[in-house]
Each structure stands twice: as C-alpha cells, then as structure tokens.
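In my numbering, the protein residues as written are 123 to 607.
Cβ atoms here follow ideal geometry from the backbone N, Cα and C, with glycine treated the same way.
No experiment lies behind these values; they were computed from the predicted model shown.
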C-alpha cells in the first residue's frame with residue numbers, strides 16, 4: 123500500500139485535513155468494510171495529491187483542472203478501476219462492479235465530447251468559481267464557512283454563488299451544444315436553454331415528450347436548471363458517477379453534524395441563501411421533527427432513561443465512518459449515520475378499573491380471599507418505531523429516507539416492509555437491500571450493526587415506480603412489528 127505523501131507546508135496540511143474526510147466517505151461507499159475503505163482511500167488520496175502537485179508544477183496555460191475535492195474523488199474512481207482490473211474487485215461493492223463494466227462508466231474514459239456534461243462544464247470554469255460551486259452545492263458547507271476558506275467577503279458570497287451558478291449553466295449549455303447530437307436534439311437546444319434559466323417558465327409539451335425519451339437532453343436539463351435544487355445531484359453525478367446520490371446525502375449529513383456542534387456567530391453568520399439551501403434538506407429535517415414529537419409524547423407520559431444513557435447514545439451516533447488504521451490529519455467530523463435518538467414507550471393500561479369496596483357501618487370489612495383474583499395482562503408494547511419520508515419523486519422514480527428507533531440494543535438488524543404500488547428499491551446508502559416482489563428487506567452494514575438502546579438507525583434509497591407511490595407498510599425490525607409515522 124503506498125504511503126501518503128507528506129504535506130509540503132502548513133497550507134497543504136490544512137488541505138489534507140479538509141479533503142481526507144470526503145475521500146474516505148466515498149471510498150466507504152465503494153467497499154464492503156471499514157478496513158478496505160481505508161486502504162482504498164489511502165491509495166486514491168496518494169494518487170490524487172500527486173496528480174495535483176504535478177498539475178501545479180506544469181506550464182501555465184494548460185486546460186483548467188477540477189477543484190481539489192472533485193479531483194480526489196475522481197482518483198477514487200480511477201483506483202477502483204485499477205482494483206477491478208488487478209483482480210481485487212471482490213473487495214468492492216457488487217453494484218459498483220456492475221457499473222464499472224457498463225456503458226455509463228465507459229463515458230468517463232471515452233471521447234471528451236461524450237463525457238458527462240456536468241463534468242465538462244465544471245472543468246471549463248475558472249478553478250476559484252468551480253471550487254465555490256462545489257463546496258456550497260455538493261459539500262453543503264455554510265456560506266460563511268466557504269467564504270473563510272476561499273478568502274471571500276461573507277456578505278457578498280451569496281451573490282457571487284448566484285453568478286457562479288449562471289456561469290455553470292452557460293458552460294453546460296455550451297458543452298451540450300458541442301456534443302454530437304441529432305437534428306431533433308439540436309432543434310430543442312435553444313428552447314431548453316430558455317426554459318431552464320427562468321424559475322417560472324413552463325416546459326412545452328413537445329419538449330417534455332422529447333426529454334422523456336432522450337438521455338443526453340435529459341442529462342443536460344438537470345445541469346442547466348438554475349432553480350429547484352437540482353445542481354448538487356447534477357454535479358455529483360457528473361464528477362463521480364456511481365454512488366453520487368449516496369455521497370451527496372452523506373455530505374449533507376456531515377454538514378448538519380458540524381452545524382449542530384456550533385454555528386458561526388456574528389453578523390451575517392446565516393444568510394438568506396443558506397436558509398434556502400436548508401430547505402433543500404427538508405426531507406431529513408421533517409423526519410427528525412416527527413421523531414422529536416414522539417419523544418415529547420413519551421416524556422409527558424412517563425420519565426425514563428438517564429442522562430448518562432442519552433450521552434452514550436449520542437456518542438455512538440457521532441462515530442466517524444471508519445476509524446483510520448494509520449495516522450492521518452484530523453479530518454472534518456465524519457457524517458453522522460443516524461438522526462438524533464428518539465424513544466417511545468407504551469404504558470400498560472388495565473382492561474378495566476379495579477372496583478373499590480363500599481363502606482358498611484355495621485359489618486366489618488371482608489377478609490381477603492385465599493385465591494387472588496387474576497390481574498389483566500397488558501398488551502405487548504411496540505419496541506420499534508419507523509419514520510418514512512418521501513424526499514423527492516419524479517415521473518418514474520423517487521428518493522426516500524427512513525429513521526428507525528429501537529427500544530432495545532441491537533447487534534445486527536434487518537428491517538422488512540411491503541411496497542403497496544409495485545415500487546422497486548435501487549441505489550441504497552447505509553443499508554444492503556433485498557427485494558422479492560413487493561417484499562423488501564434492508565440489512566445493516568458492517569459499520570452500523572451495533573445500535574444502543576433507544577438509538578436510531580437511518581438509511582435512504584432511490585427507487586423506481588410505475589404509477590402510484592404509496593408509503594410502505596407492515597414494517598418489521600428483526601421480525602418484530604414497528605409503529606409508523
């Protein structure tokens with residue numbers, strides 16, 4: 123295994139610490155275990171940093187390169203290809219191996235004009251602008267943090283980001299026009315540019331039909347839309363390919379964890395743009411709100427647990443993705459794999475009130491019977507709770523997240539449910555899915571098998587649908603039924 127290149131100065135040491143967590147996060151998605159993820163991250167980080175140093179020492183005027191983090195994530199994909207070619211593919215995620223041998227993966231090494239539009243558009247931008255766009259949209263960093271890292275004025279960073287989004291739109295539009303297209307696609311190019319620039323523009327019916335059948339134009343639409351929150355997915359998918367949505371979700375959760383530790387203070391710490399980006403994360407926040415409501419109800423009924431027990435659960439939920447085997451610079455805290463723990467309990471209620479004996483003035487109280495009367499048996503309480511949230515949906519697919527709260531500690535878990543409308547589960551993060559007809563099971567990954575009492579399990583997936591998209595039902599955790607919300 124290659125040794126990580128030592129940082130050349132303090133600035134590069136800070137860069138190592140900033141980027142290592144992103145590389146390890148994606149490497150963990152690509153592999154089956156924490157140890158393997160570290161080996162992949164080590165090799166990719168070494169390769170990526172050497173390529174960056176070589177690019178910095180090259181003659182000025184060469185083609186603009188990607189920002190640092192996208193370049194390192196590209197190195198992860200290249201290292202994965204090398205592992206597959208060298209007979210080490212068994213250490214990779216099975217779905218990733220299928221992708222590596224598909225036409226989708228071949229686009230990244232094929233003719234330049236056939237590569238993803240978002241990748242070409244980002245590479246064609248000035249590096250400072252591309253870095254601002256990536257940190258704000260994909261890494262989900264708050265704008266004050268981005269401003270500090272890039273040496274920008276926090277009060278004007280939001281306006282600069284809006285200008286950079288327009289620049290990304292223009293570069294992607296140019297890349298789309300440069301792509302070899304048939305006559306029909308070319309006839310829609312100008313209309314597509316106009317529709318995606320305006321937030322209130324309606325898509326004409328003929329263009330909508332064309333986008334439903336034309337993959338290149340549909341991909342271009344995702345990159346060109348300035349509004350609606352689609353730029354992060356377009357960027358991540360264009361740069362890293364497989365696992366883009368899962369990586370995006372992890373980086374959002376990592377940003378939320380950092381904000382939970384401490385929000386920047388002072389004027390301008392939270393801007394309107396940051397609030398708008400927070401609304402993009404509404405899916406996970408709404409799910410957390412539902413769990414917090416359940417906590418409030420449980421507390422109002424009966425006190426339980428201890429402060430020490432809650433602290434242990436919180437510390438367990440804040441463990442990094444994978445513990446490093448070798449010393450590395452302190453990374454940014456890794457994304458939390460679960461939402462805040464929530465606990466609900468059901469109080470047993472007697473079937474009927476116990477009668478109170480009436481007083482009699484002359485007769486003494488009756489002696490207790492030798493045989494005690496039977497007491498009502500309380501109903502079996504629910505030991506788990508599932509919060510299912512539909513984060514997004516489109517004509518033939520959707521994205522969803524689940525949060526499962528368990529009253530008992532677990533050393534391995536499996537959640538089963540039934541889809542009501544024939545949906546099929548696809549790309550999944552933080553769980554391994556299996557589906558047989560309408561029946562679906564999601565099993566723990568190696569890193570989230572252990573769950574503390576009253577802890578929460580969180581995972582998400584992208585699915586396909588044909589018509590309806592009703593919420594799943596009949597949730598069972600390790601065979602036990604769960605309540606839902």
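Taking DSSP as the reference, what is the three-state secondary structure of residue 242?
Three-state result, residue 242: helix.
Would you identify the three-state DSSP class for residue 532, choosing helix, strand or coil?
strand
Is the CB-CB distance between residue 168 and residue 162 below 8 Å?
no
Measuring only the C-alpha atoms, how far is residue 447 from residue 165?
Unreliable positioning characterises residue 447 in this predicted model, as indicated by a pLDDT of 42, which lies under 50. The coordinate reading is nonetheless provided below. Those two C-alpha atoms are separated by around 13 Å.
Cα separation between residue 568 and residue 381?
About 27 Å.
Could you tell me the boundaries of the beta strand (DSSP E) in which residue 604 lies?
Counting along the chain, residue 604 falls outside any beta strand (DSSP E), and DSSP gives it neither H nor E.
I'd like to know whether the C-beta atoms of residue 196 and residue 361 end up nearer to each other than 8 Å.
Against a cut-off of 8 Å, the Cβ pair of residue 361 and residue 196 comes out as a contact.
How many angstroms separate the CA atom of residue 286 from the CA atom of residue 252?
Residue 286 and residue 252: Cα-Cα distance of roughly 8 Å.
Quick one, are the C-beta atoms of residue 557 and residue 546 less than 8 Å apart?
yes
Determine the burial state of residue 241: buried for a count of at least 16 other Cβ atoms within 10 Å of its Cβ, exposed for fewer.
buried
Using 8 Å for Cβ pairs, my map puts residue 146 next to residue 260. What's the rounded Cβ distance?
Going by Cβ atoms, the distance from residue 146 to residue 260 rounds to 16 Å, so no, they are not a contact pair.
Taking DSSP as the reference, what is the three-state secondary structure of residue 545?
coil
Among all the DSSP beta bridges, which residues are the ones paired with residue 570?
DSSP lists no partner for residue 570.
Is it buried or exposed, residue 327, if we count other Cβ atoms within 10 angstroms and call 16 or more buried?
exposed
Thinking C-alpha only, which one of 290, 531, 539, 372 is nearest residue 605?
539 is the residue among 290, 531, 539, 372 whose C-alpha sits nearest the C-alpha of residue 605.
Could you tell me the alpha carbon to alpha carbon distance between residue 210 and residue 364, rounded to whole angstroms?
18 Å
Spatial neighbours of residue 541 within its chain, please: CB distance less than 6 Å, with the 5 preceding and 5 following residues excluded, ordered by chain position.
560, 594
What are the start and end residues of the alpha helix (DSSP H) that includes residue 295?
279-300
Could you spell out where the beta strand (DSSP E) holding residue 555 opens and where it closes?
Unbroken beta strand (DSSP E) run through residue 555: 554-558.
What residue does the beta strand (DSSP E) around residue 506 start on, and which one ends it?
506-516
Apply the 10 Å Cβ neighbour rule to residue 205 and answer buried if 16 or more other Cβ atoms are within range, or exposed otherwise.
buried
For the putative contact between residue 536 and residue 584, defined by C-beta atoms under 8 Å, what is the C-beta separation to the nearest angstrom?
About 20 Å; that fails the 8 Å criterion.
Give the DSSP-derived three-state secondary structure of residue 551 in the structure shown.
Secondary structure of residue 551 (DSSP, three-state): strand.
Can you tell me whether DSSP reads residue 320 as helix, strand or coil?
The three-state secondary structure of residue 320, taken from DSSP, is coil.
Are the CB atoms of residue 239 and residue 342 nearer to each other than 8 Å?
yes
Quick one: give me the first and last residue of the alpha helix (DSSP H) that residue 203 is part of.
190-207
Taking one C-beta from the stretch 296-303 and one from the stretch 226-238 each time, how about it: are there three or more such pairs within less than 8 Å?
yes
Hey, quick one: how far does the beta strand (DSSP E) through residue 582 stretch, first residue to last?
578-586
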